[in-house]
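Asker: Heads up: the sequence lines are chains A and B, in that order.
The first sequence maps to residues 12 to 261 in the numbering used here.
The second sequence maps to residues 233 to 577 in the numbering used here.
For each residue, glycine too, the CB sits at the ideal point set by N, CA and C.
What you are looking at is a predicted structure, and each value in this text was computed from that prediction instead of being measured.
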Amino acid sequence: MDILVEMTGIQKFYGRVHALRDVNLTVRRGEIVGLLGDNGAGKSTLIKVLSGAVPYTSGSIRIKGEEVVLRSTQDAIAHGIETIYQDSALVPQLSIARNLFLGREPRRGPGLLDRMDLDAMNEVAAALLRRVGISKAIPPTTPISSLSGGERQAVAIARAMHFDSDLIILDEPTNNLGVAETQGVLRFVREARDTGHSCIFIAHNIHHVFQVVDRMVVMRRGTVVADDLSPRSSTIAEVEDVITGEHLAA
Amino acid sequence: MSDHAAPMGAPRASRLRALVAAPEFAPLVLLVGMIVVFTAINPTFMSLGNIGNALAFTVELGLIALAMTLLMTAGEFDLSVGSVFGFAPVLMWTLFNASWAPLPLAFLAAMLAALLIGWASGLFVTRLGIPSFLVTLGMLLVVRGSALWLTDGFPQRTWDAGDQWLASVLVGQVCLGGEGVGCTGGLRLYMSLLWFVLAAVLCHYLLTRSRFGNWVQATGGNPNAARNRGVPTGSVKVALFMISAAMAAFAGVISSIRVSAANPNSGAGYELEVIAMVVIGGTLLTGGRGTIIGTVIGVLILRLMRNGIVMIGVPGLAYNIFIGAIILGMMALHAALERRHNAGT
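#1: Evaluate contact between the segment 284-293 of chain B and the segment 519-526 of chain B, counting only Cβ atoms and requiring at least three cross-stretch pairs below 8 Å.
#2: Is the Cβ-Cβ distance between I283 of chain B and L419 of chain B less than 9 Å?
#3: With a threshold of 6 Å on Cβ separation, who are the neighbours of S353 of chain B within its own chain once the five nearest residues in sequence on each side are excluded?
#4: Which runs of the alpha helix (DSSP H) at least 4 residues long sit entirely within the segment 277-310 of chain B? Give them in chain order.
#5: Taking beta-carbon pairs under 9 Å, can you tell me which members of the segment 101-116 of chain A lie near chain B?
#6: Check the Cβ-Cβ distances between N454 of chain B and every residue of chain A, and say whether any is below 9 Å.
#7: Counting only Cβ pairs nearer than 7 Å, list the residues of chain A close to F444 of chain B.
#8: What residues from the segment 69-89 of chain A come within 7 Å of chain B, judged by C-beta to C-beta, listed N to C?
#9: Apart from the five residues just before and just after A346 of chain B, which ones in its own chain have a Cβ nearer than 6 Å to its Cβ?
#10: Determine the direct distance from the alpha carbon of A214 of chain A to that of P66 of chain A, and round the result to whole angstroms.
#11: Give every residue of the same chain whose Cβ lies closer than 8 Å to the Cβ of E183 of chain A, excluding the five residues on either side of it in the sequence, and list them in chain order.
#12: Starting from M127 of chain A, trace the beta strand (DSSP E) both ways and give me its first and last residue.
#13: Would you say the segment 80-95 of chain A touches the segment 53-63 of chain A, given that touching needs at least three Cβ pairs under 8 Å?
#14: In angstroms, rounded to a whole number, what distance separates the CA positions of L260 of chain B and I512 of chain B?
#15: Tell me the DSSP secondary structure of R119 of chain A in three-state form.
#16: Tell me the residue span of the alpha helix (DSSP H) that contains G218 of chain B.
#17: If I measure Cβ to Cβ from H208 of chain A and keep anything under 6 Å in the same chain, skipping five residues before and after, which residues do I get?
#18: Could you give the first and the last residue of the continuous alpha helix (DSSP H) run that contains Y502 of chain B?
#19: Report yes or no: do three or more beta-carbon pairs, one from the segment 226-239 of chain A and one from the segment 37-55 of chain A, lie closer than 8 Å?
#20: I'd like the span of the beta strand (DSSP E) that includes Y25 of chain A, first residue to last.
#21: Please decide whether L517 of chain B counts as near chain E, where near means a Cβ-Cβ distance under 9 Å.
#22: Thinking C-beta only, is P455 of chain B closer than 9 Å to N440 of chain B?
#23: Can you tell me the Cβ-Cβ gap for A167 of chain A and V143 of chain A, rounded? I've got them flagged as a contact below 8 Å.
#24: Which residues bound the beta strand (DSSP E) around N29 of chain A?
#25: Hey, could you find the ends of the alpha helix (DSSP H) C435 of chain B is sitting in?
#26: Skipping 5 residues on each side, what residues in its chain have a beta carbon closer than 6 Å to that of L543 of chain B?
#27: Do you know offhand how far M240 of chain B's Cα is from A253 of chain B's?
#28: Which whole-angstrom value describes the C-beta separation of S378 of chain B and D310 of chain B, a residue pair presumed to lie in contact below a C-beta threshold of 8 Å?
#29: For the candidate residues A:N110, A:T68, A:E78 and A:L197, whose alpha-carbon lies nearest to that of N460 of chain B?
#30: Does the structure place the segment 73-86 of chain A close enough to the segment 429-447 of chain B that three or more beta carbon pairs sit under 8 Å?
#31: Enumerate in chain order the residues of its own chain whose CB-to-CB distance from T56 of chain A is below 6 Å, with the five nearest sequence positions on each side excluded.
#32: Going along chain B, which residues have a C-beta under 8 Å from R118 of chain A?
#33: Is G307 of chain B near T518 of chain B, with beta carbons less than 9 Å apart?
#34: Whose C-alpha, out of B:A508, B:L549, B:P387 and B:G404, is nearest the C-alpha of L421 of chain B?
#35: Given that a residue counts as buried once 16 or more other Cβ atoms are within 10 Å of its Cβ, and exposed if not, what is G48 of chain A?
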């Protein structure tokens, strides 16, 4: 598989705290990578670096073979990296359609009027809702606040798929979701992979990770300690040992 | 908002539910109820003369409330609007009376000064991260102090405005069906009503149909999500602070011509009355959702209440009791509707 993202020798200091130590991470096209680690392992910092939310101290990032500098989330989006945070992906008061197109609203009429093409937005949103399987009579004009947690994740994933993001980063997408909603989110992630998108999937629940990822990367104390664990050749217990460092003690 | 309403093909019961759940519905019911009660007790409440008088002052506060709606939807508010309402006309008439500038140029200078005030407030809020409550409280004092210092505390004369075309454009009168200078028996309307209607239509369009309006709502609803999507939330807020100050200045100039005086103390306390108008209309104090139609209704509720309780014989000094009760009642109602809305029922 082609390499989509290649992070090499990433270092990050928060003052005197060494949050990331010489981290290397590779994501291939059409691959779902599970990023695992205990609290404070550096997962969130690494994801923030890749999504442009925080600057890194040193190292390099290559996307599709080209070295890039990600100074902001807009930079990351422009390079095809979409991050879906659990609580900051959508605007609760806005409709599904308005959320889907937020920041990239199609316009119609003279530019001076700044008029959104609401008909086109609603039409595309309805088609996307059908595609991710949550059409069940939810009109695209429904405010996000009326949706369940799983439906919100689906809308955020649908948005990333619609704008053809090459890499979708999902930060704890199954937190606080019921069993059925979790399965729905995992199905959306597989659908994203099947349509050519790559994903980085972060979750504390290893059972969820095992159901959907192709490969697992484990971080501990700011560094990557394993990057080729497969859910087909490893057990959950083995992966847990790597996360906690128990395998070293054994 | 119209794109949140039930679709046209939806069953009648569903459309009715959507109508009742709309934030504008409860204030509209209150407004109609008020008009019915006041008219039943004193039929002259609905006389043409009284409507004309009530509308004259209503639109001046209304202009400020429209801009405040946009700002509050973005999650901020502006306590300095009352001071700007007093300062801008004082500056304009000082420049004109001292023959430093013709009236149109003095008007532009006053509007420019207001835009600068709004820009400064916006920068303090967005660049330094200081809450708008504190920034605009400080700006309230700076601007009010400037108006008092500029005039030594005395009102500026504005009676020379009568023969100025700008005065006619801003506050010219139209008498419909009446006679004489006093428009006896008819409806006297000021040009300012036209400006208010135009501003309301423009603000409604901006908020519900334009891309900028989507950014305004997103900025107030979830600023992190908005920023992550590339929305320039800081610039949006600065622009809204500038619009808010400009609208307050415009309203102040209109008022000064209408009452033939530019008083450096005028507009004191307007900021709270305007915020009350906006929240009564259904705009969320916490940002994210705003309604211009609701604000227009909120403006009418408060101004007609002030007018109506005097006409039915309640002492004018009791006005604040009614306003406080309305605010509390409407807040309770909006909170209940919001809970139902979030519960998806």
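Answerer: Looking at the atomic coordinates:
#1: Touching, no, given that fewer than three Cβ pairs across the two stretches are closer than 8 Å.
#2: Yes, Cβ-Cβ distance for I283 of chain B and L419 of chain B is below 9 Å.
#3: Excluding positions up to five away in sequence, the list reads V367, T368, M371 and F473.
#4: Counting only runs that start and end inside the segment 277-310 of chain B, the alpha helix (DSSP H) elements of at least 4 residues fall at 280-305.
#5: Here the close residues are L101, V102, P103, Q104, L105, S106, A108, R109, N110, F112, L113, G114, R115 and E116.
#6: With 9 Å as the cut-off, N454 of chain B counts as an interface residue toward chain A.
#7: Within chain A, the residues near F444 of chain B are D125.
#8: The residues in question are T84, Q85 and I88.
#9: Cβ neighbours of A346 of chain B beyond the five flanking positions: V316, A320, A477, A478 and A481.
#10: Here the alpha carbon of P66 of chain A sits roughly 23 Å from the alpha carbon of A214 of chain A.
#11: Correct list, in chain order: Q97, I213, A214 and H215.
#12: Annotation for M127 of chain A: no beta strand (DSSP E) segment contains it, and DSSP assigns it neither H nor E.
#13: Taking 8 Å as the limit for Cβ pairs, the verdict is that the segment 53-63 of chain A does touch the segment 80-95 of chain A.
#14: Taking the straight line from one Cα to the other gives about 10 Å.
#15: Note: R119 of chain A maps to coil in three-state DSSP.
#16: No information on residue 218 of chain B is available, as it lies outside the stretch 233 to 577 that chain B covers here.
#17: Excluding residues up to 5 positions away in sequence, I179 lie with their Cβ nearer than 6 Å to the Cβ of H208 of chain A in the same chain.
#18: From DSSP, the alpha helix (DSSP H) with Y502 of chain B extends over Y502 to I512.
#19: Yes, the segment 226-239 of chain A is in contact with the segment 37-55 of chain A.
#20: Here the beta strand (DSSP E) through Y25 of chain A covers I14 to Y25.
#21: Given the protein chain composition of this structure (A and B), no chain E is represented.
#22: Looking at the sequence shown, residue 440 of chain B is not Asn but Thr. For T440 of chain B and P455 of chain B, no; Cβs fall outside 9 Å.
#23: About 10 Å; that fails the 8 Å criterion.
#24: Sequence check: residue 29 of chain A is His here, not Asn. Counted as a single uninterrupted DSSP element, the beta strand (DSSP E) harbouring H29 of chain A occupies residues V28 to R39.
#25: Unbroken alpha helix (DSSP H) run through C435 of chain B: M423 to R441.
#26: With the sequence shown as reference, residue 543 of chain B is identified as Met, and Leu is not the correct amino acid for it. Here M543 of chain B has N274 and F277 as same chain residues with Cβ atoms under 6 Å from its own Cβ, once five neighbours each way along the sequence are excluded.
#27: Because M240 of chain B sits at a pLDDT of 49, beneath the cut-off of 50, its placement in the model cannot be relied upon, and the point is left open.
#28: Rounded to whole angstroms, the Cβ separation of S378 of chain B and D310 of chain B is 17 Å, and the two are not in contact under 8 Å.
#29: Here the closest residue by C-alpha is A:N110.
#30: Fewer than three beta-carbon pairs drawn from the segment 429-447 of chain B and the segment 73-86 of chain A are found closer than 8 Å, and the two stretches are therefore not classed as touching.
#31: The residues are K23, A30 and L31.
#32: Neighbours of R118 of chain A on chain B, chain order: R443.
#33: Yes.
#34: The residue among B:A508, B:L549, B:P387 and B:G404 with its C-alpha nearest the C-alpha of L421 of chain B is B:G404.
#35: Burial call: buried.
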